[in-house]
Amino acid sequence: MRSHRRIRSMACLLLVALLLSGCQIGNTKVVFLKPVGYHQVFKIDKEVCKKKEAKVYLTNYMNIYGNAYGVSLRKQKSVQEDLEQYVKELTISQLSKIKCMNGIAKEQKIELTKEEEQIAEAAAKEYYESLSKEERKYMGASQSLITKMYSEYLLASKVYQSLIGSVDEEVSDDEARIIEGMQIFVRDSGKADEVKKRLKRGEDFASVAASCNEETRTDIKFGREDMPKEVVKEAFELENEEISGKIKTKEGYYFIKCINKYNKELTDKNKKVILEERKEKAFHTVYDKYVENSSTVLNTKMWDKLQVNLPKDVKTDSFFEVIDRHMEEK
Numbered sequence: 006m007r008s009h010r011r012i013r014s015m016a017c018l019l020l021v022a023l024l025l026s027g028c029q030i031g032n033t034k035v036v037f038l039k040p041v042g043y044h045q046v047f048k049i050d051k052e053v054c055k056k057k058e059a060k061v062y063l064t065n066y067m068n069i070y071g072n073a074y075g076v077s078l079r080k081q082k083s084v085q086e087d088l089e090q091y092v093k094e095l096t097i098s099q100l101s102k103i104k105c106m107n108g109i110a111k112e113q114k115i116e117l118t119k120e121e122e123q124i125a126e127a128a129a130k131e132y133y134e135s136l137s138k139e140e141r142k143y144m145g146a147s148q149s150l151i152t153k154m155y156s157e158y159l160l161a162s163k164v165y166q167s168l169i170g171s172v173d174e175e176v177s178d179d180e181a182r183i184i185e186g187m188q189i190f191v192r193d194s195g196k197a198d199e200v201k202k203r204l205k206r207g208e209d210f211a212s213v214a215a216s217c218n219e220e221t222r223t224d225i226k227f228g229r230e231d232m233p234k235e236v237v238k239e240a241f242e243l244e245n246e247e248i249s250g251k252i253k254t255k256e257g258y259y260f261i262k263c264i265n266k267y268n269k270e271l272t273d274k275n276k277k278v279i280l281e282e283r284k285e286k287a288f289h290t291v292y293d294k295y296v297e298n299s300s301t302v303l304n305t306k307m308w309d310k311l312q313v314n315l316p317k318d319v320k321t322d323s324f325f326e327v328i329d330r331h332m333e334e335k
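Plus 5 on top of the position in the sequence shown (first one is 1) and you've got this note's numbering.
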């Protein structure tokens with residue numbers, strides 16, 4: 006099960022936006038008040054993130070990113086503050102994503118199977134037993150809390166799979182087709198007429214482009230979403246070595262020469278891009294609606310004071326690796 010990685014990579018995460026852009030996203034009500042429990046970091050509707058959960062993420066992220074490429078960034082004072090800020094924002098963003106997706110799970114009555122619960126339990130046992138006494142004390146997380154966190158992680162992944170389950174995975178060659186060609190673009194209609202005359206006289210396309218093209222590039226590779234619709238309509242009907250007529254758009258006038266009407270390698274890559282875009286759209290149709298209608302409470306006083314100053318013996322960085330491995334072995 007590889008889709009869980011998307012939980013950590015999708016952009017536009019709820020609380021990152023809250024931290025960076027102010028007090029409202031769409032219809033989301035953001036109340037900057039102390040939550041009911043002091044040890045709560047934030048609350049999104051009924052989904053609560055506790056301080057101990059955040060410390061597990063903070064600790065692991067700090068050790069992962071603080072030792073990037075074998076270099077201990079934590080020892081470099083010039084980057085320490087930026088690193089801590091990044092890790093705190095990353096922690097809030099990822100946990101808020103997890104909590105939101107668990108909220109969606111409750112709305113849609115999506116639950117873990119017994120087998121999936123056992124995966125969370127086995128992963129939690131492995132991770133907890135890997136911790137030293139110092140690490141357990143610093144994070145304050147019990148094995149049961151780790152199990153709960155892994156269960157929510159698994160459930161978020163299951164929600165994602167459910168939301169993209171109806172996506173049509175068949176992408177046709179024509180929809181994904183990438184053309185190789187050359188372009189001439191001019192803004193003035195008079196200049197466009199001059200280009201048209203020169204091409205009609207049989208002048209070399211590249212030579213005309215060298216003296217007239219107002220775009221930075223002459224050689225281009227493009228799909229249906231990469232050029233104005235007027236250009237796409239004509240260009241995708243061209244045969245190899247064929248040159249279009251004058252194509253009028255809002256920006257100006259295009260002339261296209263088709264070099265290769267079907268680049269198979271780039272078309273295959275574009276199929277994957279289109280499929281991912283379909284999945285993202287299906288996911289965000291539900292996720293964004295949930296976020297917009299959610300009330301969020303963030304304990305800013307406690308969160309601002311929380312430091313990521315790890316003791317030297319706190320080195321754990323395998324929280325995500327352990328659950329990822331157990332999920333892939335499923």
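Heads up, the beta-carbon is just placed ideally off N, CA and C, and yes, glycines get one too.
- The distance from the Cβ of Lys226 to that of Asn268 is about 7 Å, consistent with a contact at the 8 Å cut-off.
- Spatial neighbours of Asp293 in its own chain (CB-CB distance under 6 Å, excluding positions within 5 residues in sequence) are not present.
- Burial check for Gly228: the Cβ neighbour count within 10 Å reaches 16 or more, so the residue is buried.
- Around the beta carbon of Lys277, fewer than 16 other beta carbons lie within 10 angstroms, which makes this residue exposed.
- A contact is defined here as three or more CB-CB pairs under 8 Å, and the stretch 293-311 fails this definition with respect to the stretch 209-218.
- DSSP places Ile264 within a strand segment (E or B) once states are collapsed to three.
- If you draw a straight line from the Cα of Lys111 to the Cα of Ala128, it comes to about 23 Å.
- A direct Cα-Cα distance of roughly 25 Å separates Leu311 from Ser135.
- As a beta-bridge residue in DSSP terms, Gln188 pairs with Ile261.
- Two segments are said to touch when three or more pairs of C-beta atoms, one from each, lie closer than 8 Å; by this definition the stretch 83-98 does not touch the stretch 142-152.
- Contact check for Val313 and Met67: beta-carbon distance about 5 Å, within the 8 Å limit, so the pair qualifies.
- Runs of the beta strand (DSSP E) lying entirely within the stretch 190-270 and spanning at least 3 residues, in chain order: 224-227, 258-265.
- Beta-bridge annotation (DSSP): Cys54 is paired with Phe47.
- Nearest C-alpha to Lys119 among Glu89, Leu88, Gly145, Ser156: Ser156.
- Under the DSSP assignment, Val164 falls in the alpha helix (DSSP H) whose first and last residues are 148-168.
- In this chain, the alpha helix (DSSP H) harbouring Ile328 covers 324-333.
- Residue burial is scored here from C-beta neighbours: Gln45 has at least 16 other C-beta atoms within 10 angstroms and is therefore classed as buried.
- Of the residues Val213, Ala181, Arg182, the one whose Cα lies closest to the Cα of Lys196 is Val213.
- In the three-state scheme derived from DSSP, where H, G and I count as helix and E and B as strand, Ile279 is classed as helix.
- Closest option to Leu100, judged by alpha-carbon separation, among Lys56, Tyr143, Ile69: Lys56.
- Taking the Cβ atoms as the reference, Tyr158 lies roughly 6 Å from Ile328, within the contact range of under 8 Å.
- Counting every other CB atom within 10 Å of its CB across the protein chains shown gives Gln188 a total of 16 or more, marking it as buried.
- Contact between Leu271 and Ile183 holds: their C-beta atoms lie close to 4 Å from each other, under 8 Å.
- Cβ atoms of Met332 and Ile69 stay farther apart than 8 Å, at about 18 Å.
- One Cα belongs to Glu52, the other to Gly108, and the distance between them is close to 7 Å.
- For the pair Ala215 and Glu230, the Cα-to-Cα distance works out to about 26 Å.
- In this structure, Met144 places its C-beta atom within 8 Å of the C-beta atom of Val61.
- For Ile124, the enclosing alpha helix (DSSP H) stretches over residues 119-135.
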